[in-house]
Structures are given as C-alpha cells and as structure tokens.
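First the structure, in the form of structure tokens, and then the observations on it.
Protein chains: 2
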Amino acid sequence: MKRPGRGEQAVRNNEAILTAAREIFLADPRAPVAAVAERAKVGIGALYRRYPSKEELLRTICHDGLRTFIAEAERAGPEPDDWVAFATFLRGVVRADVHSLTVHLAGTFTPTEQMHADAVLASELAGRLVERGRPHLRAEIGPADVTLLLEMCAAVRVPDAARTAELRERCLTILLDGLRADGPLPGPPPTAAELNWRWPKA
Amino acid sequence: MKRPGRGEQAVRNNEAILTAAREIFLADPRAPVAAVAERAKVGIGALYRRYPSKEELLRTICHDGLRTFIAEAERAGPEPDDWVAFATFLRGVVRADVHSLTVHLAGTFTPTEQMHADAVLASELAGRLVERGRPHLRAEIGPADVTLLLEMCAAVRVPDAARTAELRERCLTILLDGLRADGPLPGPPPTAAELNWRWPKA
DNA sequence: GTGGAACGGAATGCTTCGTTCCGTTCCAAT
DNA sequence: ATTGGAACGGAACGAAGCATTCCGTTCCAC
C-alpha cells in the first residue's frame, strides 16, 4: 500500500517520530522536544501537528509500552511449562525495554483512564505468570519483587543499544538463578504501593 | 569541643550542607542548588561561601563517596574467608549508597587528578576482592560484572531511605545467589570501558 | 495552474536556575 | 558599650533552555 510523495513522507514520519521519541526519552525523560524532532529528521512543526503537546507524546510512548508489556504476557501465557512461561515473559519484557518506560517516564504526564485500565490488566497478567513460576522460586518472592527485578535490569545501560540488550539479558540470567536459590531474604517483599510512588497521587 | 554562637552554627552548617547535598543530588542530580540550601536550612549565601560553584559541590560529594568506597574495600580486606570478604564488601558499598554517586553524578562535573588516582586505587582494591570471590562464582564473571550489579542495586529506590536500604539488601542477596549459580551466561562480560561512558572523555 | 495539506525551522515568551550582592546578625576584642 | 569583621539569609540579576506558535515554502491531486 505504497503512497507517493508527501503521503509517503507522512507515513514515514509517523513512525520516525515515535521511534525517535522512544530513543530520546528513554535515554533522558527530560529531553527537549526539539531533540526528538532532530533525531526523527523532522521539523518541529511536523511533530506538533501530530501531538498537541509534549505530554501527549510522552503519554503515547508510555501507553504503547504498556501495550507491549501486555502483549508479552499474552505471548508467554500459552507456554505449557510454568517456569519457561515465567522466564520467557521476563526476557521478553526486558528485551522490549518496557520497564524503562514505566520507570523513567512515570510522573512526566498524567495517565488516562484507559492507561489505568491497561495497567490493571497488565498487573493481573503478570501476577498470573509470577504465580505459575512461584513453585520454582525461593520463598517469600512476591509479584512486586519481580517488578523490582525488571527495574534493576532497566538500570543497565551503555551507549550502544544492542550491547545494552545483551548485557541486560546477562543480568537477567543471573537474577533468575538468584530467584531460584535457597535461603532467607532480608525484610519483607516490596508492596505494590511502594513501587507506584512515581505516579501522580490520585 | 563546643563552639558557641556563630562558630557553632558554622560547624553545623558544614555538615548540614554536605548531608543535604547528598540527599538532594542523589535523588536528582540536576536539582537546583537552592534545593540543597533549603534542605540544609541554610541561606544560599552560606552555601556559596563554602563552595564557589555547583560543580565544586558536586565534586566534593562524589569524591567523598569514592573515599567511602575505598574505606569499605579496606574494611573487608582483612576478613580471612574469601567469600565473606567479597560479600560484606558489596553489602557495605550498597548500604553506603556509594554506587548512586558514581552512576548519577558522573558527567555533572570534571574530575580532579586526585579523584582519578583514587578511582584507580578503588578499582584495584575492588578487583582484588572480586578475585578472592571468583572461586565461588560462576564462570565468566568479571570485575565489571560486579560493578554492573552495584548499579542495578542503585536503581532500587523508594521514597523512604531506610526502606530503600532494606530493599537493596534484599536484591543484593538475590544477586549474590545468582552469582554463585551454575550455567552459561549470554554474551561477553562488560568491559571497564563500557562502564565508564558516563565520565567526560579524556 | 491552483488550493490546501504537510513541512521545516526561526521567533516568541516564559520558566528555571546559577551566581552575585547587600543589608542584617552575632561575637570577640577593645 | 562600641565596633570591626566574619557568617548569614535571601532578594535580584542575567543567562539558558524549552515548549509552543507562526509563517513562508514545497508538493500533490485535481
């Protein structure tokens, strides 16, 4: 479905802007909008034509990430082996860099109702996966622990994106093995509330 | 050695400013200087009397952290059991929140020569501890892997400082167990160069 | 040839700091 | 008491940085 000329450019720009926004804002959530336009090789005007404000752009990026998270959970669901389902879900989430979206972008915009609903769904799906993995995990591991692990992986970052992904997978492997080890853990697991402090208070 | 009046206040301010600066800048490296003054309950003037610029303040905070890192390494050195030495070193570093200093503050100032020298020393001491722990670790774990683990722990953060420390210890425990597990890891370990990208290019 | 959709990017106006400046407070020595 | 200066607090200044707007230009479709 090729469109020529301006129409073609417009389609390309749609994606270029979103891709650029993801890259720029994940590297620095406070980056100026102009940086996104530059990375996308688009004029600022073209960007503002699509997103009436920076906040709207941020919201879009984050909501897309949330949907990806859900997609990863649904992709891992059918896997019959509980542990494999759990592990591939986490690997998928880490690979998609979805966690960064949540961690870094939270608080830079006010969420929509739809986002809230999707977040609830995401939480349920993830919780179900964690539940399936629990028999293989050390005692006292809760869903929020898993969220924390994802945040930790998101902290791994080097300039090269591909290498970053590789290093994150390395770290995730170590973490997964640590999750299956024995022995007590200090303190109670984190609560959901403790992890949501970045979001605007209702 | 009590000093009365203004002198007493001056001594208190010295510490109050550094403490406040650590808290503020660790929470947000780009926080305004005024925020530090406010947290320290000090006028901006009092702060600028001691540190001629924001950069100088940042440098001081970071250098202090580096020295703490070295102190932790030296504290763990005498421990006879290799694994215990390795583990208590990491626990000490995480507890002191030294990693955050490196991760978050890097690039916000140009390091001094003395800092560079201390960094080399710190690296040597840490490398020695890792070497001692290596027999207990899974294959292919390098010193840079350990640095990465510290960065991951630094990513754990909730509003309450004490709870943050507790959660970090929890995560570190999982990581340490993961480090002792068996099995191959994807990709090569990070190199020192890969981890230093935040610092100003020589 | 022409109207309008889409572009690029300069210009605008505002906010956010780092830093300076100065009037005030407090102590110690006279 | 008086006073010189050390230390304060915080208002004010000026430089950036940025989100957003505006407008002249380009490119198709008709």
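Protein sequence lines, in the order shown, are assigned to chains A and B. Using UniProt numbering, you'd call the opening residue of the first sequence number 1 and step up by one each time. Using UniProt numbering, you'd call the opening residue of the second sequence number 1 and step up by one each time. Yeah, the Cβ is synthetic: ideal placement off N, Cα and C, and Gly gets one too. These figures come from a predicted structure and were not determined experimentally.
By DSSP, does F109(A) sit in helix, in strand, or in coil?
coil
Three-state secondary structure assigned by DSSP to K41(A)
coil
Using only the alpha-carbon positions, how far apart do A165(A) and D160(B) sit?
31 Å
Assigned exposure category for D182(A) - 16 Cβ within 10 Å defines buried:
exposed
Return the first residue and the last residue of the alpha helix (DSSP H) that E74(B) is part of.
54 to 76
Between the alpha carbons of L58(B) and R30(A), how many angstroms are there, rounded?
20 Å
Could you tell me the distance, in whole angstroms, from the CA atom of L185(A) to the CA atom of R91(B)?
14 Å
Flag this pair as yes or no: are the beta carbons of D97(A) and L26(A) separated by less than 8 Å?
yes
Against chain A, with Cβ distances strictly below 8 Å, would A181(B) count as a contact?
yes
Output yes if chain B places a C-beta closer than 8 Å to the C-beta of G92(A); else output no.
no
Please classify P190(B) as buried or exposed, where buried requires at least 16 other C-beta atoms within 10 Å of its C-beta.
buried
Thinking just about the alpha-carbon of each residue, which of Y48(B), I17(B), P80(B) is nearest to the one in I61(B)?
I17(B)
Would a check of beta-carbon distances place A71(A) closer than 8 Å to chain B?
no
Roughly how many angstroms separate the alpha carbons of T68(B) and R95(B), rounded to a whole number?
11 Å
Exposed or buried, what is V84(A) when buried is set at 16 or more other beta-carbons lying within 10 Å of its beta-carbon?
exposed
Please report the straight-line C-alpha distance between P188(A) and I70(A), rounded to a whole angstrom.
27 Å
Cβ shell of L195(B) (< 6 Å), same chain only, five flanking positions each side left out
A144, T147
If you drop the 5 nearest sequence neighbours on each side, which residues of the same chain put their C-beta closer than 6 Å to that of F109(B)?
E55, L58, R59
Rounded straight-line distance, which links the Cα of H63(A) to that of D28(A):
18 Å
Start and end residues, alpha helix (DSSP H) containing A155(A):
143 to 155
Between the C-alpha atoms of H104(B) and G65(B), what's the straight-line distance to the nearest angstrom?
12 Å
Under 7 Å from the C-beta of E166(B): neighbouring residues of chain A:
P186, G187
Please look up how many angstroms separate the CB atoms of A87(A) and L149(A), rounded, as I've assumed it's under 8 Å.
Actually they are not in contact, since the Cβ atoms of A87(A) and L149(A) sit about 12 Å apart, beyond 8 Å.
Helix, strand or coil at L129(A) [DSSP, three-state]:
helix
I'd like to know if T108(A) contacts chain B, where contact means its C-beta is closer than 8 Å to some C-beta of that chain.
no
May I ask which residues mark the beginning and end of the alpha helix (DSSP H) holding V91(A)?
Before going further, note that residue 91(A) is Arg rather than Val in the sequence given. Looking at the DSSP string, the run of the alpha helix (DSSP H) that includes R91(A) is 82 to 95.
What's the gap between the Cα of A34(A) and the Cα of P200(A)?
26 Å
So, for G107(B): in the same chain, excluding its five sequence neighbours on each side, which residues have a beta-carbon less than 7 Å away from its beta-carbon?
R198, W199, P200
Between which residues of its own chain and C153(B) is the CB-CB distance below 8 Å, once the five residues before and five after are set aside?
V94, H99, R168, C171, L172, L175
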